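Report on the structure given below.
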Amino acid sequence: MDSKSPFIFLTFFFVGSLVALALHIYFFSPISPQILHVPPSSLVKSFDTHLQEVTKLGEGLVKDPEDVCVDKHGILYTASRDGWIKRLHKNGSLEDWKWVNSSSLLGMTSIASGGLVICDTEEGLLKVDEDGITTLLSQFNGSKLWFADDVTEGKDGSLYFSIASTKFGLHNWYLDLLEAKPHGQLLKYNPQTNETTLLLDNLFFANGVALSADERYLLVCETFKFRCLKYWLQGELKGKTEVFIEDLPGGPDNINLAPDGSFWIALLQLTCKGMEFVHTSKIAKHLLATFPRMMNIVQGQHQRATVIKVSEDGKVLKRFDDPEGKVISFVTSAVEYDGNLYLGSLHANFVGKLPIDH
Ligand SMILES: *[C@@H]1O[C@H](CO)[C@@H](O)[C@H](O)[C@H]1NC(C)=O
Ligand SMILES: *[C@@H]1O[C@H](CO)[C@@H](O)[C@H](O)[C@H]1NC(C)=O
Ligand SMILES: *[C@@H]1O[C@H](CO)[C@@H](O)[C@H](O)[C@H]1NC(C)=O
Ligand SMILES: *[C@@H]1O[C@H](CO)[C@@H](O)[C@H](O)[C@H]1NC(C)=O
Ligand SMILES: [Ca+2]
Ligand SMILES: [Ca+2]
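Numbering (the working numbering), first residue to last: 395 to 752.
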């Protein structure tokens, strides 16, 4: 036998494997990606450690509470991944309040008439009150409402809510990130007339929504664009959109009005250190989308927690971090109530509580 044969065989083997891999990716990649710009500020390490001082409420009794809200009586609510809506009374007792047959509950808000409205990424908008669970809205424009992400209520009872992606679902949200194209929407639902209107389309993963104190405008976070938009509801700019804050040091998730009229925004670290190149390489994006298990190497949300307080004119007033995610990570929501910040997280078995100085 020729001594070169094994070498030739190996060469053919490797070239053949590469061609097969390329074809596989070409035919099976579920995305048609574009390049994503990641702001340099999101790559800078923070040295603030305030979030390491959180108290853990309900530790072991809640699972991945994405959002929290407080009602007019000061009762704190959160949705656990097991479907339980838990509430924390002022005396400190945690109650299993209502059970929703769902593992896909995200943003929530307490409503003036009592109870809550919650986004279920599979079902749409749910109302939860003493009488039980009702589906408020499950369709829009003749198709099923998928991936409702966050909701807030206006004084007239209107519900403003976001659809993170009309293309990918909750369990494939990283595909939306890799594709880096705008599939998000901002909508308004009027419960009196059952009318739903589209306010904004083509958003980059529409996430948290918050009304200003005077309800003259609505803010919506675009997670994969590292910015929040301001949508005018009243005045001469009504119907117009402008950038509220951009180049954020993380992807904005929930946003909540603070008692002083500013806003708390939770920021996600979307990629772990050293892996940022995947957002600028279409080949890397296709490879990850075709072999999704590899996303575990790339994702960075569990490595940090960051919340910022932003003034009405879009200036960062405060920033709190757990820079390595030692005590809390993947913080998705920050709600200020009565001198404390309550923190939701998709990587925690508790709700965080942090006293804040004024
Ligand atoms: C706390 O308050 C709730 C609601 O009023 C009540 O149901 C519960 O029994 C109280 N728990 C304690 C330990 O006092
Ligand atoms: C919950 O929903 C699942 C799927 O929709 C269904 O199979 C199951 O019977 C439901 N469980 C209860 C207790 O209603
Ligand atoms: C509603 O659906 C129709 C038909 O699919 C489409 O042409 C139209 O743009 C949609 N409208 C909105 C507001 O999404
Ligand atoms: C809105 O929808 C609900 C439930 O589908 C129905 O009971 C109610 O009559 C509707 N209201 C209007 C104004 O269409
Ligand atoms: Ca929210
Ligand atoms: Ca969210």
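The C-beta atom is built at its ideal place from N, Cα and C for all residues, glycine as well.
If you're wondering where the values come from, they're calculated on a predicted model, not measured in any experiment.
*Cβ of glutamate 547 within 8 Å of Cβ of isoleucine 505?*
Cβ distance < 8 Å, so glutamate 547 and isoleucine 505 count as in contact.
*Smallest Cα separation from aspartate 641: which of Val409, Glu589, Leu437, Lys549?*
Ranked by Cα distance from aspartate 641, the first of Val409, Glu589, Leu437, Lys549 is Leu437.
_Quick check on the DSSP output: the alpha helix (DSSP H) that includes asparagine 596 runs from which residue to which?_
Here asparagine 596 belongs to no alpha helix (DSSP H); instead the beta strand (DSSP E) covers 589-597.
*asked:* Excluding the 5 residues flanking valine 672 on each side, which residues of the same chain have their C-beta closer than 6 Å to its C-beta?
replied: The residues Ala678, Val692, in chain order, have a CB closer than 6 Å to that of valine 672 in the same chain once the five nearest residues on each side in sequence are set aside.
*Range covered by the beta strand (DSSP E) that runs through isoleucine 639*: Taken as a continuous stretch (DSSP letters only), the beta strand (DSSP E) holding isoleucine 639 covers 635-639.
*Tell me whether threonine 674 is buried or exposed, calling it buried when 16 or more other Cβ atoms sit within 10 Å of its Cβ.*
It counts as exposed.
*Quick one, which of Val522, Asp647, Ile557 has its alpha-carbon nearest lysine 538's?*
If we check each option's Cα against that of lysine 538, Ile557 comes out closest.
*Could you have a look at alanine 574 and say whether DSSP puts it in helix, strand or coil?*
Shown here, alanine 574 sits in coil according to DSSP, grouped into three states, outside any helix or strand.
*State yes or no: is the C-beta of histidine 483 nearer than 7 Å to some heavy atom of ligand 1?*
Correct: histidine 483 has its Cβ closer than 7 Å to ligand 1.
_Can you tell me whether glutamate 489 is helix, strand or coil according to DSSP?_
Three-state result, glutamate 489: strand.
*asked:* Could you compute how far the alpha carbon of leucine 430 sits from the alpha carbon of glutamine 663?
replied: So the alpha carbons of these two residues sit roughly 14 Å apart.
*Would you kindly check if the distance between the Cβ of histidine 741 and the Cβ of phenylalanine 724 is under 8 Å?*
With contacts defined by Cβ atoms closer than 8 Å, phenylalanine 724 and histidine 741 form a contacting pair.
*Taking Cβ to Cβ, would you say phenylalanine 555 is nearer than 8 Å to glycine 578?*
Cβ distance not < 8 Å, so phenylalanine 555 and glycine 578 don't count as in contact.
*How close, in whole Å, do the beta carbons of histidine 696 and glycine 719 come, if the pair is a contact with beta carbons under 8 Å?*
Rounded, the Cβ-Cβ distance is 6 Å, consistent with contact.
_Simplified DSSP state of isoleucine 649, which is helix, strand or coil_ = Isoleucine 649: strand per DSSP, three-state reduction.
*So what does DSSP say about glycine 746, is it helix, strand or coil?*
Residue state for glycine 746 is assigned as strand, using DSSP reduced to three classes.
_Rounded to whole angstroms, what is the Cα-Cα separation between leucine 711 and valine 511?_
Roughly 30 Å between the two C-alpha positions.
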